[in-house]
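Each residue of the sequence shown is one higher than the last, beginning at 14 in our numbering.
Glycine included, each C-beta is placed from N, C-alpha and C at the ideal position.
See structure below.
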Amino acid sequence: MLGTLYQLGLGVDHDLEVAVYWYRLASDQGECVASNNLASIYATEPERAKRYYNKARSQGFEHTPQA
């Protein structure tokens, strides 16, 4: 996923804003890993993280923390 490349700086400059952009696109298309990764990026914003963990779980991601 492009979001992961930008989040980790793999082959591209590390850029969380760009990572979030790509993760949101993927999340909106039902990609549960993208939703889970967004939740981890928003870990310092509990309500926002909770929303994305719940979304990831509803999309089929089984290893999210209980929010």
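Starting from the C-beta of residue i, find all residues in its chain whose C-beta is less than 7 Å away, skip the five residues before and the five after it, and write them out in chain order.
{"i": "Gly-16", "result": "Ala-32, Trp-35, Tyr-36, Ala-39, Ala-47 and Asn-50"}
{"i": "Val-61", "result": "With the sequence shown as reference, residue 61 is identified as Arg, and Val is not the correct amino acid for it. Tyr-55, listed in sequence order."}
{"i": "Pro-78", "result": "Tyr-66"}
{"i": "Lys-68", "result": "Ser-40 and Ser-48"}
Rounding to the nearest angstrom, what Cα-Cα distance links residue i and residue j in this structure?
{"i": "Asp-26", "j": "Met-14", "result": "15 Å"}
{"i": "Lys-63", "j": "Ser-53", "result": "10 Å"}
{"i": "Leu-18", "j": "Gly-24", "result": "7 Å"}
Compare the beta carbon distance of residue i and residue j with 9 Å and say whether it is the shorter of the two.
{"i": "Gln-20", "j": "Glu-44", "result": "no"}
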